[in-house]
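A short write-up of the structure that comes next.
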Amino acid sequence: MATLSSSASASEIGLPGEVRESMVESPSRPEEQGEGGEVEALRRRVAALERARDEALAQAAYYRSILDEQDELIWRNLPDGRITFANKALCRFYGKAEAELLGQAPMPDIPAEDMAIAVADVSSFTPERPTRVNKHRVIMPGGEVRWLEFVDRALFDEQGNLAEIQTIGRDVTALVEAEDRLRQSEARYREVVQDQTELICRVDAEGRFTFANAAYCRYFGKTPEELLGQPYEPFIYEQDKPLLQAHLASYCPERDTGCIEHRVVLPTGEVRWQQWNNRACFDEQGRLIGFQAVGRDVTALRRAREELQRANANLRAIIEASPAAVVSVDRQANLLIWNPAAERMFGYRKQELNRALPSIATEEQIGQLERLFQQILAGVPVLGMSASFRRADGQAVDVRVYAAPVWDEQGMVSGVMAVAIDETERLRTEEVLRAAVERERMLARHVSDVIFRIRLVPDQGLDYVSPSFTSLTGYDAEELYNDASLLYRLIHPADVDTALDLVRAPAQRRRPLAIRWITRSGEVIWTENRVAPVRDGSGRIVAIEGVARNITPPGPGQVPSKAREPQVRVPVSRVSSGGDSNWMRLTLALPPAVGAPSRPTTCPHCGSAILQRHQRQWRAIKDGTKVQVVRYLCADCHRTFSLRPQGVNRGTQSERLRLLTTVLYGLGLSGREISHALAQAGVELSPSSIWRTARAAAEPMRRSKPAGVSCVLSDEKSPSGHEFIVLDRLDVSPDDGHPA
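According to the numbering used here, the sequence shown holds residues 1244 to 1983 in order.
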């Protein structure tokens, strides 16, 4: 280390040049030669030297004061470390006076890990590299650890040997701590950037990557090493490259930020949408350095946006095409939506309206509508309110209004959406229909026939019955409405199946049907029922409407002619008997079905009289004839049971059937025609069975006419004008003792 000493030369202490020149011995003038002249010259030289000394000391004191006022530690030392100069800052640092430091080689308290940096080999100095900078920690006298930075400069003599080392040290603790904080901040920033789910990258002015966070690398399936120094363009969708290039070229120092959406191509070939927020970086001269960008995948968002746009377009199309008026207003009742149906309904165009309510409402309605408007803004919808508004031409229009609040993203009501359905025509139609129904009811109250309507779907029940029902049966109509099972209880048990068949297949019943009813007093009356099916738009039968007329004969025990059993008709042209052809009579006792059981009157499980024929089966007996077994379903307990024939004389039954078949065959009917004719009377036989039975007995019948068989010619005509032989009555005398 080197110091400024009092024995330093004028050049070392920095004397001015003119002082140094005055100290150079000048040649004697000629007139000063001699003894007196030499003395005078010597005196002048001494005076000059004194002046130079004083100036040098003053200059040295000036520079010394400057060095002492510095906060930096400044000293000089010899190559062996002995101090030759120390400023006051160094003295304060060691807590010693300058005299105590000169000639000494003190060493500050340095942490062991920094010792190798602090003690450097002086051989590293060369005339070509005379400076050195190092930084290390120093433990202060009070124990505080401070960071100091030292700048050493080596001074060499004329021979190039190291003479002194001049050192300037300064406290850089604040700078080091700031650098540490900056380094920690950068580390935290890097961690934050690396942990972001957003894609973050930096590129230079040529478009080469200088940084890419972990999310960016994962997204594109690359490592940072694979990206750094490579261009970003290969990831950009080909058709979007011109758009991106034009966007980046638009940046300038005055506009250094922007946002863009474009497509990228992943290494797998998948095309996805990204949104990037870019910031351009410029130097002090305004030259582009590069870009820093933060991006995110918006493929799902873009698809949702496109779906929302399609949904909005569909909604607009629905609103435009809706036959109902759609109106939307904001909280101030300013009109937002007024679709074409509203224009047609109220006669106003959207451009003609400012506030919807005062324009279409009458003066009496404005106050009520304002209250409803405030109610809807409070979050309470209006469902199905009937109102009458005013058209542009002054006419009234009756509507049914449905209105609800419109909520924004913050959950606040931003307006009202209303749908109005024009009911003017419907109300007029209902009024006309109501008047027509009232006229029909008045007519129904004055006729004796019972008019009824039975609903079949979705559940069976009575929709209407005329007041004459009460006078005919003694039951009140309300009883029938409240209890649908009463409809089946007032039907005679023997006619329940017939009535159920009528309900199941009303379209197949073209002719009137005779059904017995049991009145409240227990009297049995005969009714003639005419029904017609009611179909919906798809052709399905949903109800039956009909008229029931009382046809009970005046005499007790008599059966009205219209209530007789179905008749078996034989064309007269097929009759091949001798004698008078104007009259023939055929009488024969035949059960309606071979072995058919009688109908039960009550359920054996619960005793209910409401029974429904559920299933019918034919069981073979010994002689090949089939016996009918019927299963019934109880409407109350929903249980089924079978009714089998008891005590049937199968031989007698079969003989009667063969006799009837033979008679019809002998009259000229074919087997198919006989089968069809017997089916009308409830007898089921195939044409082949009839042919086998009748062929064997036909010849004996021709030779000898069966006893008790005669035919009568009916006066009834067929639609084609032919006359028929009618088996006018098939009386049933079964052998099982049950009533027919």
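C-beta atoms are modelled at their ideal positions from N, C-alpha and C, and glycine is treated no differently.
Comparing alpha-carbon positions, the option among LEU1285, ARG1587, SER1428, GLY1385 lying closest to PHE1336 turns out to be GLY1385.
The residue from VAL1700, LEU1699, TYR1724 with its alpha-carbon nearest to that of SER1709 is TYR1724. VAL1644 and ILE1697 have their C-alpha atoms roughly 35 Å apart. If only complete runs of 3 or more residues are kept, the segment 1690-1766 shows the beta strand (DSSP E) at 1693-1698, 1704-1708, 1756-1761, in order along the chain. According to DSSP, ALA1585 shares a beta bridge with no other residue.
DSSP places ILE1353 outside both helix and strand once states are collapsed to three, so it counts as coil. Membership of ILE1317 in the beta strand (DSSP E) is indicated by the continuous run 1316-1320. For TYR1645, there is no enclosing alpha helix (DSSP H); the enclosing beta strand (DSSP E) covers residues 1639-1650. Between the segment 1559-1569 and the segment 1654-1668 there are three or more inter-stretch CB-CB distances shorter than 8 Å, so the stretches are counted as touching. About 18 Å separates the CB atoms of PHE1452 and TYR1480; that is not less than 8 Å, and the two are not in contact. With fewer than three CB-CB distances shorter than 8 Å, the segment 1481-1490 does not count as touching the segment 1463-1471. Taking 9 Å as the cut-off, the beta carbon of ASP1311 is found no closer than this to the beta carbon of ARG1413. ILE1411: member of the beta strand (DSSP E) spanning 1405-1414, first to last residue. Between the segment 1386-1397 and the segment 1299-1311 there are fewer than three C-beta pairs closer than 8 Å, too few to call the two in contact.
The Cβ neighbour count for VAL1282, taken over all protein chains shown within 10 Å, is under 16; the residue is labelled exposed. Listed in chain order, the non-local C-beta contacts of ALA1348 below 6 Å within the same chain comprise GLY1324, ARG1325, local neighbours out to five positions each way being set aside. By the C-beta criterion, the segment 1756-1775 is judged to be in contact with the segment 1786-1795, since at least 3 inter-stretch pairs fall below 8 Å. For HIS1490, the enclosing alpha helix (DSSP H) has its first and last residue at 1484-1492. Contact between ILE1532 and ALA1448 holds, since their C-beta atoms are separated by about 6 Å, short of 8 Å.
In this structure the segment 1533-1546 does not touch the segment 1625-1634; the number of beta carbon pairs closer than 8 Å is below three. According to the DSSP assignment, PHE1478 belongs to no beta strand (DSSP E), since it is labelled neither H nor E. Look at LEU1676 here: in three-state DSSP terms it is helix. Per DSSP, MET1358 is one residue of the alpha helix (DSSP H) stretching across 1358-1361. Within the segment 1483-1564, the runs of alpha helix (DSSP H) that reach at least 4 residues and sit entirely inside it are, in chain order, 1484-1492, 1542-1564. Excluding residues up to 5 positions away in sequence, ARG1696, ILE1784, VAL1785, ALA1786, ILE1787, GLU1788 lie with their Cβ nearer than 8 Å to the Cβ of VAL1777 in the same chain. Here VAL1514 is exposed: its Cβ has fewer than 16 other Cβ atoms, across all protein chains shown, within 10 Å. A Cβ-Cβ distance of about 14 Å is found for the pair VAL1415 and GLU1387, leaving them out of contact under the 8 Å criterion.
Comparing alpha carbon positions, the residue from LEU1730, SER1714, GLY1717 closest to ASP1706 is LEU1730. Distance from the CA atom of ARG1559 to the CA atom of ARG1587, rounded to whole angstroms, is 17 Å. For LEU1686, the secondary structure class from DSSP, reduced to helix, strand or coil, is helix. A distance of 9 Å or more separates the beta carbons of LEU1715 and VAL1690. Looking at the DSSP output, SER1629 sits in a beta bridge with ARG1643. In this structure, GLY1529 places its C-beta atom within 9 Å of the C-beta atom of PRO1496.
At a cut-off of 3 residues, the continuous stretches assigned as beta strand (DSSP E) that sit fully inside the segment 1427-1458 are 1442-1447, 1452-1455.
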